[in-house]
Amino acid sequence: MKPVRHYLQFSDLSHEEYQFLFARSQVLKRRQGSGESHRPLVGKVMSMVFEKNSTRTRVSFEAGMAQLGGHAMFLDTKSSQMGRGEPIEDTARVLSRMSDIIMIRTFEQTLVERLAEYSRVPVINGLTNEYHPCQVLADILTFIERRGDIAGKTVAWVGDGNNVCRTWLQAAKVLGFKLKAASPRGYELTVLDGVDYGPDCFERVAEPQQAVSGADLVTTDVFTSMGFEAEQQARLAAFADYQVTPELMRLARPDALFMHCLPAHRGEEVAAAVIDGPQSVVWDEAENRMHAQKALIEFLLLGRRQD
Ligand code: CP
Ligand code: NVA
């Protein structure tokens with residue numbers, strides 16, 4: 003039996019596998035856009051476990067599975083036995099006997115790892131406190147559509163050194179671009195995977211201006227991620243100078259793109275003029291979650307389809 007492949011963090015796939023996935027995502031996107039039906043997953047079921055809120059992740063996986071001919075089931079903590087303390091290992095055994103693939107959004111990365119360890123079927127990380135690989139997969143697809151290969155480019159991160167930022171760092175290593183991250187003191191990105199990200203790959207800077215200067219892509223995220231709500235007041239104060247404004251965008255390359263994983267808070271981490279302006283590609287990012295994840299699901303379940 004072939005070993006089960008999971009997608010728990012960005013570094014789980016190789017450069018070459020990403021090249022395949024980005025190409026395949028564009029094929030599936032074109033086919034969906036032209037109304038062509040592509041249903042290789044008839045009879046297949048995805049279990050989607052949500053321990054945190056979601057709009058995009060739920061809709062993109064559910065719509066994607068339906069388009070591929072399969073079905074997606076929604077489970078949350080409130081209405082499932084997970085909320086009453088059923089161990090993740092038991093949940094994994096049960097779900098993987100009745101579904102072909104599992105997607106989970108939860109708190110600690112270790113929970114996703116335990117789920118994968120006890121699952122017979124592929125597990126996809128739909129966001130943890132530490133990583134959000136599906137987001138950066140879609141974001142890089144969005145970059146490629148607009149600007150071509152991301153290798154050799156510079157991505158500026160402004161704000162919290164959070165799950166999305168940490169995923170951009172892994173992507174920089176795998177795909178050969180540079181991440182420059184500016185975060186307030188105490189909120190800097192921490193490396194959790196033991197990888198030595200050299201200076202060609204990762205630069206921590208103090209000021210947003212330093213990060214954005216000459217960048218090909220400027221990206222940010224909320225001041226307060228899910229699970230950190232108790233810190234909201236302190237964060238509002240700490241991040242006051244970390245808004246992506248039109249003035250800040252002017253320091254980037256003239257053709258720089260602006261990205262935000264959404265949901266966004268206009269007037270906090272980003273000015274309305276930027277997120278609603280001509281450099282912003284946030285709606286493409288959201289849509290591309292679905293196309294990229296369809297390619298990912300197909301890859302994990304069926305391997306490299308060329309049809
Ligand atoms: N970007 C993203 O993951 O959005 P949701 O929280 O709405 O799923
Ligand atoms: N960093 C954010 C991303 C939301 C999609 C969070 O974890 O809440």
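Our numbering applies: residue 3 is where the sequence shown begins, and numbers increase by one.
C-beta atoms are modelled at their ideal positions from N, C-alpha and C, and glycine is treated no differently.
Here the stretch 197-214 does not lie against the stretch 226-237, with fewer than 3 beta-carbon pairs under 8 angstroms apart. Looking at Ala208, Cys167, Leu117, Glu18, the one whose alpha-carbon comes closest to that of Glu91 is Leu117. Secondary structure at Thr59: helix, using DSSP grouped into helix, strand and coil.
Per the Cβ contact rule, the stretch 180-191 is not in contact with the stretch 117-134 (fewer than 3 Cβ pairs under 8 angstroms). When the alpha-carbon of Gly196 is set against those of Gln172, Val214, Gln212, Asp218, the nearest one is in Gln172.
Within the DSSP bridge table, the entry for Phe52 names Asp78, Arg107 as partners. Taking each of Pro248, Leu253, Arg252, Phe225 in turn and checking the Cα distance to Ala240, the smallest one comes out for Phe225. Burial state of Glu132 is buried, judged by a 10 Å Cβ sphere holding 16 or more other Cβ atoms.
Less than 9 angstroms separates the beta-carbon of Ser49 from that of Leu97. Secondary structure of Val207 (DSSP, three-state): strand.
Per DSSP, the unbroken alpha helix (DSSP H) holding Asn290 starts and ends at 284-304. The straight-line gap separating the alpha-carbon atoms of Ala274 and Gln28 is approximately 29 angstroms. Ranked by how close their Cα comes to the Cα of Glu289, the residues Phe63, Lys54, Asp102 have Phe63 in first place. DSSP lists Ala158, Glu205 as the bridge partner or partners of Lys182. Under the 10 Å beta carbon count, Val61 is surrounded by fewer than 16 other beta carbons and is classified as exposed. Judged by the Cβ position, Ser49 fails to qualify as a neighbour of ligand 2 at the 8 angstroms threshold, every heavy atom of the ligand being at least this far. Pairing Leu259 with Gln245 gives a Cβ-Cβ distance that is not under 9 angstroms. In this structure, the straight-line span from the alpha carbon of Gly150 to that of Leu23 is close to 14 angstroms. For Val96, the secondary structure class from DSSP, reduced to helix, strand or coil, is helix. Beta-bridge annotation (DSSP): Val246 is paired with Val272.
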